[in-house]
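Taking this note's numbering, the leading residue of the sequence shown gets 1, the next gets one more, and so forth. Think of the CB as a built atom: it goes at the ideal place given N, C-alpha and C, for glycine as much as any other residue.
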Amino acid sequence: MALRRPPALSGARTLYTAHDVARFCEVDPKTVHLWVARGLVAHALTPGGHRRFTRTDVLRLLRAHDYPLPEALTSAPARLAVMAEPERGDVEGKLKGRFELVLNADPVTCLLRLEDVHADALLVVLDGPVATAATVGRLRAHPGTRHLFVACVGAGEPCDAAKAEGADACGSLAAALEATAAFFKA
1 MALRRPPALS GARTLYTAHD VARFCEVDPK TVHLWVARGL VAHALTPGGH RRFTRTDVLR
61 LLRAHDYPLP EALTSAPARL AVMAEPERGD VEGKLKGRFE LVLNADPVTC LLRLEDVHAD
121 ALLVVLDGPV ATAATVGRLR AHPGTRHLFV ACVGAGEPCD AAKAEGADAC GSLAAALEAT
181 AAFFKA
């Protein structure tokens with residue numbers, strides 16, 4: 001039986017089918033459906049009731065179960081939405097070339113656009129009234145953003161609170177970027 005090639009990543013968020021995930025894991029598609037039923041992998045449903053999986057959710061599954069990471073998932077740069085105040089210009093300079101950037105000077109605008117920009121990850125600079133640990137918790141609870149890899153820049157109590165709310169990484173800018181880059185690369 002010949003294996004189909006996985007779909008190529010494009011600028012828009014690529015959604016994978018259960019069959020794609022099964023190919024990545026070298027299992028039967030029914031196994032993927034069982035994983036979904038057990039809550040082992042996050043997914044979304046199309047209006048027609050078909051399961052779809054984001055790149056980030058597939059990477060989480062593969063890493064959690066020690067599967068090799070297919071080149072189709074790791075070759076393209078992650079699309080990183082940046083929620084930072086305008087005075088955080090140093091963020092853009094450090095990110096260029098490593099990620100496909102979606103810059104947002106206004107944190108509120110960033111939150112409103114998150115689903116439309118099809119980001120794989122979000123960088124939150126924990127330094128304002130909008131960019132808080134509670135915001136991270138709300139992102140984790142929302143079906144349209146729960147798939148995001150959330151990296152926070154901060155220290156001390158705000159960082160600890162963000163981790164408690166579900167941030168995937170928190171620390172200095174360099175540490176947050178390194179954790180994000182490592183997640184999306186083999």
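Residues of its chain near residue i, where Cβ-Cβ distance is below 6 Å and the 5 sequence neighbours each way are ignored
i: residue 100; result: 77, 79
i: residue 53; result: 16, 21, 43
i: residue 122; result: 81, 148, 150
i: residue 24; result: 70
7 Å CB neighbourhood of residue i in its chain, flanking five on each side removed
i: residue 29; result: 18, 19, 22
i: residue 119; result: 79, 80, 81, 102, 148
i: residue 45; result: 51
i: residue 1; result: Confidence at residue 1 is low in this model, with a pLDDT of 41, below 50, so the placement of that residue is unreliable and no value is reported for it.
Status (buried if at least 16 other CB within 10 Å, exposed otherwise) for residue i
i: residue 47; result: exposed
i: residue 153; result: buried
i: residue 71; result: exposed
i: residue 37; result: exposed
i: residue 26; result: exposed
i: residue 11; result: With a pLDDT of only 39 at residue 11, under the threshold of 50, the placement of this residue in the model should not be trusted, and no figure is reported.
i: residue 107; result: buried
i: residue 169; result: buried
i: residue 55; result: buried
i: residue 66; result: exposed
i: residue 182; result: exposed
i: residue 176; result: buried
Cβ-based neighbour list, residue i, same chain, cut-off 8 Å, excluding 5 preceding and 5 following
i: residue 155; result: 171, 172
i: residue 146; result: 42, 139, 140
i: residue 164; result: 133
i: residue 31; result: 22, 25
i: residue 98; result: 77, 177, 181
From the options, residue whose alpha carbon lies closest to that of residue i
i: residue 110; options: 97, 24, 94, 135; result: 135
i: residue 114; options: 150, 164, 98; result: 150
i: residue 128; options: 158, 36, 121; result: 158
i: residue 166; options: 178, 142, 137; result: 137
i: residue 51; options: 63, 66, 67, 34; result: 34
i: residue 142; options: 164, 161, 112; result: 112
i: residue 210; options: 144, 57, 32; result: The requested residue 210 is not part of the displayed model; the chain covers only 1 to 186.
Integer-rounded CB distance, given that residue j should sit under 8 Å from residue i
i: residue 69; j: residue 61; result: About 11 Å separates the two Cβ atoms, so there is no contact after all.
i: residue 162; j: residue 133; result: 4 Å
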